[in-house]
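Asker: Below are the C-alpha cells for one structure; questions will follow.
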Amino acid sequence: MSGTALRAWGPWLISLVAILAGMALIVTTPPARVPVGFRVEDGLSYLLMPLSSTTIGAIVAWRRPHNAVGWMLAALGWITSWQYLTVGYAIHGLFGETRLPLTEVSAWAFSWSGMWVGAVAGNLLVRFPDGRIAERRGWFAVVLLIVAAALATTALGFRQGPLFLFRDVANPFGLGGADGALDTAMGTAALLDVVAAVLGFNALFRRSGRAVGVERQQFKWFMAGVLLTFAVTAVGGALLLNDSDLAKFVISNGVAAVPISVGVAILRYRLYDIDLFIKRTVVYGGTSVAIALTFFLGVLALQAALRPLTAGSELAIAASTLGSLALLQPIRRRVQNAVDRRFDRARHDAAGTIEDFATQLRDEVDLDTLRTDLLGAVQQTMAPAHASLWLRPR
Numbered sequence: 001m002s003g004t005a006l007r008a009w010g011p012w013l014i015s016l017v018a019i020l021a022g023m024a025l026i027v028t029t030p031p032a033r034v035p036v037g038f039r040v041e042d043g044l045s046y047l048l049m050p051l052s053s054t055t056i057g058a059i060v061a062w063r064r065p066h067n068a069v070g071w072m073l074a075a076l077g078w079i080t081s082w083q084y085l086t087v088g089y090a091i092h093g094l095f096g097e098t099r100l101p102l103t104e105v106s107a108w109a110f111s112w113s114g115m116w117v118g119a120v121a122g123n124l125l126v127r128f129p130d131g132r133i134a135e136r137r138g139w140f141a142v143v144l145l146i147v148a149a150a151l152a153t154t155a156l157g158f159r160q161g162p163l164f165l166f167r168d169v170a171n172p173f174g175l176g177g178a179d180g181a182l183d184t185a186m187g188t189a190a191l192l193d194v195v196a197a198v199l200g201f202n203a204l205f206r207r208s209g210r211a212v213g214v215e216r217q218q219f220k221w222f223m224a225g226v227l228l229t230f231a232v233t234a235v236g237g238a239l240l241l242n243d244s245d246l247a248k249f250v251i252s253n254g255v256a257a258v259p260i261s262v263g264v265a266i267l268r269y270r271l272y273d274i275d276l277f278i279k280r281t282v283v284y285g286g287t288s289v290a291i292a293l294t295f296f297l298g299v300l301a302l303q304a305a306l307r308p309l310t311a312g313s314e315l316a317i318a319a320s321t322l323g324s325l326a327l328l329q330p331i332r333r334r335v336q337n338a339v340d341r342r343f344d345r346a347r348h349d350a351a352g353t354i355e356d357f358a359t360q361l362r363d364e365v366d367l368d369t370l371r372t373d374l375l376g377a378v379q380q381t382m383a384p385a386h387a388s389l390w391l392r393p394r
C-alpha cells in the first residue's frame with residue numbers, strides 16, 4: 001500500500017473502529033438506563049453522516065491527495081467518529097454494569113467536540129473545488145471560524161456545573177467564578193460564526209459566478225447537494241413535531257447529500273449528468289405540484305357543484321382523480337418545454353430545427369435545395385467545425 005493510500009485509509013479504518021466501539025458500548029448498556037437521545041436507535045439514525053464523510057473523504061484524499069477538500073471532508077467524519085466513541089464510553093461508564101475509569105472526562109470531551117464541525121465545514125466551503133482559498137474573505141472566514149470554535153470549546157470545557165448534553169455530570173474541569181467571561185466567549189463565538197458564514201458563502205458565490213467549464217459543473221453538483229440538504233432538513237424539522245426518530249433519520253440522510261455531491265464533483269464521476277439531474281428534478285417536481293393543485297382544486301370545485309345532488313364527496317374525488325390523470329401527460333409536456341426553453345436552449349432550438357427540416361423534407365424535390373437545407377439543419381443542431389454532403393448521382 002502506498003503512502004498516500006495509507007494516509008487516506010488509515011484514519012478511515014480508525015474512524016470505523018471508533019464508531020463500532022462507541023455503538024458496542026451503548027448496546028451493552030441496559031437500555032432502560034440510557035437517556036433519550038443516546039439510545040442505540042439514536043446512534044443508528046445519525047450513522048450515515050460520519051460514514052459518508054469519512055468514506056468519500058478517504059476516496060477523494062486517495063485519488064486527489066493534493067486537494068484539501070478530501071481531507072476536510074474526512075475530518076468531518078473523524079470528529080463525528082470521536083463523538084461516537086466518547087459518548088459510548090461515557091454512557092457505558094455512567095449507566096452500565098461496569099464502572100469505567102475517566103467516564104466524566106469522556107463525557108467532557110464529547111460535550112465540546114462538536115464545536116469544531118463548523119470550522120472544518122467552513123474550511124471545506126471556501127476551498128471547494130480545487131482545495132485552494134482564492135478569496136481574501138475566504139481566509140478571513142476560516143480564521144473567524146477557528147477562533148469561534150476555540151472560544152466555544154473554552155466556554156463549554158471550563159464552565160462550572162453540569163456538562164452540555166450531560167446534565168447529570170459535573171464538569172471535572174470547571175472554573176469557579178468564570179461564568180461571566182465564559183458567557184461572553186460563547187456569545188462572541190456565535191457572532192463570529194454568523195459573520196464567517198456570510199463571508200464564506202459570499203466567497204463561494206463569487207467564485208462560482210466566475211467558474212466555467214468543468215469547475216462550473218462542479219459547483220452545480222455542490223449547490224445541488226447543499227439545496228437538497230436544506231430541503232430535507234426542513235422536512236425533518238416538520239417531522240419533529242410528530243415523530244422525532246423519523247426526523248433524525250431524515251435529517252441525517254439529508255446532510256449526507258453534501259459529501260456525496262462533493263465526491264462526485266471532485267472525482268468528476270458523471271460530472272455532466274448534473275444538468276440532466278436538475279432538469280428532471282424541475283420537470284417532475286413541477287409536474288407533481290401541478291397535478292396536486294389540479295386534484296385538490298378539482299375536488300373543491302366539484303364538491304361545491306355536486307353538493308345539491310349528493311351529500312358525499314366520493315364522486316368529486318373520483319372525478320378529480322380521473323381528470324388529474326388525464327392531464328398528467330399534457331402538463332408534463334408543457335413543463336418539459338418550459339424547462340427546455342429556460343435551461344436547455346440548445347436542445348430546444350435543435351428540436352425545433354429538426355421539426356422544421358422534416359416539414360420541408362415532405363415537400364422538397366430539388367436535390368440542391370435539399371442539400372442546403374440538410375447542411376443547415378446539421379449546422380444548427382450539432383454545430384460541427386465542418387460539414388459536407390455528397391449525393392451519389394443516379
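Numbered by my numbering, the letters in the sequence shown go through residues 1 to 394 in order. Ideal Cβ positions, reconstructed from N, Cα and C, are used throughout, including at glycine. None of the values given here were measured: they were computed from a predicted structure.
Skipping 5 residues on each side, what residues in its chain have a beta carbon closer than 8 Å to that of residue 112?
Answerer: Residue mapping note: residue 112 aligns to position 112 of the sequence shown, counting from 1. 152, 153, 156, 157, 164, listed in sequence order.
Asker: Given residue 63, which residues of its chain have a CB within under 7 Å of its CB, disregarding the five upstream and five downstream residues?
Answerer: Against the sequence shown, residue 63 aligns to sequence position 63. Counting only Cβ-Cβ distances below 7 Å, and skipping sequence neighbours, we find 267.
Asker: Do residue 55 and residue 82 have their beta-carbon atoms positioned less than 8 Å apart in this structure?
Answerer: Your numbering for residue 82 matches position 82 in the sequence shown. Your numbering for residue 55 matches position 55 in the sequence shown. It is not a contact, given that the beta carbons lie outside the stated cut-off.
Asker: For residue 2, is the classification buried or exposed, using 16 other Cβ atoms within 10 angstroms of its Cβ as the cut-off for buried?
Answerer: For the purposes of this step, residue 2 is taken as residue 2 along the sequence shown, with counting starting at 1. Answer is exposed; the Cβ neighbour count stays below 16.
Asker: Let me confirm a value: residue 194 is counted as buried when at least 16 other C-beta atoms fall within 10 Å, else exposed. Which label applies?
Answerer: What you label residue 194 is simply residue 194 of the sequence shown in a count that begins at 1. It is exposed - the Cβ of residue 194 has fewer than 16 other Cβ atoms within 10 Å.
Asker: Where does the unbroken alpha helix (DSSP H) through residue 130 begin, and where does it stop?
Answerer: Residue numbering aside, residue 130 sits at position 130 when the sequence shown is read from its first letter. Premise fails: residue 130 is in no alpha helix (DSSP H) and is neither H nor E.
Asker: Looking at residue 129 and residue 224, is the spacing between their C-beta atoms short of 8 Å?
Answerer: Mapped onto the sequence shown, residue 224 falls at position 224. Mapped onto the sequence shown, residue 129 falls at position 129. No, they are not a contact pair.
Asker: Where does residue 420 sit, in a helix, a strand or coil, going by DSSP?
Answerer: The requested residue 420 does not occur in the structure, where the chain is confined to residues 1 to 394.
Asker: Excluding sequence positions up to five away, which residues of its chain have a Cβ less than 7 Å from the Cβ of residue 256?
Answerer: Within the sequence shown, residue 256 is the residue found at index 256, counting from 1. If we look at residue 256 and ignore the five residues flanking it on each side, its Cβ neighbours are 48, 49, 52.
Asker: Quick one, are the C-beta atoms of residue 147 and residue 192 less than 8 Å apart?
Answerer: Here residue 147 refers to the residue found at position 147 when the sequence shown is read from its first residue. Here residue 192 refers to the residue found at position 192 when the sequence shown is read from its first residue. Cβ atoms of residue 147 and residue 192: closer than 8 Å.
Asker: Considering just the uninterrupted stretch of the alpha helix (DSSP H) at residue 169, what are its terminal residues?
Answerer: For the purposes of this step, residue 169 is taken as the residue at position 169 of the sequence shown. For residue 169, there is no enclosing alpha helix (DSSP H); the enclosing beta strand (DSSP E) covers residues 166-170.
Asker: Could you check whether residue 8 and residue 68 sit closer than 8 Å to each other, using their CB atoms as the reference points?
Answerer: Sequence index remark: in the sequence shown, residue 68 carries index 68 (1-based). Sequence index remark: in the sequence shown, residue 8 carries index 8 (1-based). Contact flag unset, no.
Asker: By Cβ distance, which residues of its chain are closer than 6 Å to residue 219, with the 5 residues on each side in sequence left out?
Answerer: As a working mapping, residue 219 is identified with position 219 in the sequence shown. For residue 219, where only same-chain residues beyond five positions count, the Cβ hits under 6 Å are 208, 211.
Asker: DSSP on residue 63, reduced to helix/strand/coil?
Answerer: Counted from its first residue, the sequence shown places residue 63 at position 63. Here residue 63 sits in helix by DSSP.
Asker: Which same chain residues, not among the five before or five after residue 72, have their C-beta less than 7 Å away from its C-beta?
Answerer: Here residue 72 is taken as the residue at index 72 of the sequence shown, counted from 1. Around residue 72: 120, 123, 124, 127.
Asker: Suppose contacts are defined by Cβ-Cβ distances below 8 Å. Is residue 149 in contact with residue 186 by that definition?
Answerer: Taking the sequence shown and counting its residues from 1, the one referred to as residue 149 is at position 149. Taking the sequence shown and counting its residues from 1, the one referred to as residue 186 is at position 186. No, the Cβ-Cβ distance between residue 149 and residue 186 is not below 8 Å.
Asker: According to DSSP, simplified to helix, strand and coil, what is residue 76?
Answerer: Position 76 of the sequence shown holds residue 76. Helix.
Asker: Between which two residues does the alpha helix (DSSP H) harbouring residue 3 extend?
Answerer: Within the sequence shown, residue 3 is the residue found at index 3, counting from 1. Judged by DSSP secondary structure, residue 3 falls within the alpha helix (DSSP H) whose first and last residues are 3-27.
Asker: Name the DSSP bridge partner or partners of residue 159?
Answerer: Here the question's residue 159 lines up with position 159 in the sequence shown. Answer by DSSP bridge pairing, in chain order: 175.
Asker: Sort 259, 246, 331 by Cα distance to residue 43 and report the nearest one.
Answerer: Counting from one through the sequence shown, the residue named residue 43 turns up at place 43. Of 259, 246, 331, the residue nearest in Cα terms is 246.
Asker: Here's the rule I'm using: 16 or more other beta-carbon atoms within 10 Å means buried, otherwise exposed. How should residue 259 be labelled?
Answerer: Working through the sequence shown from its first residue, we reach residue 259 at position 259. By the neighbour-count rule (16 or more Cβ atoms within 10 Å), residue 259 is buried.
Asker: Between 201, 97, 80, which has its C-alpha nearest residue 412's C-alpha?
Answerer: Residue 412 lies beyond the residue range present for the chain, which begins at 1 and ends at 394; the question has no answer from this structure.
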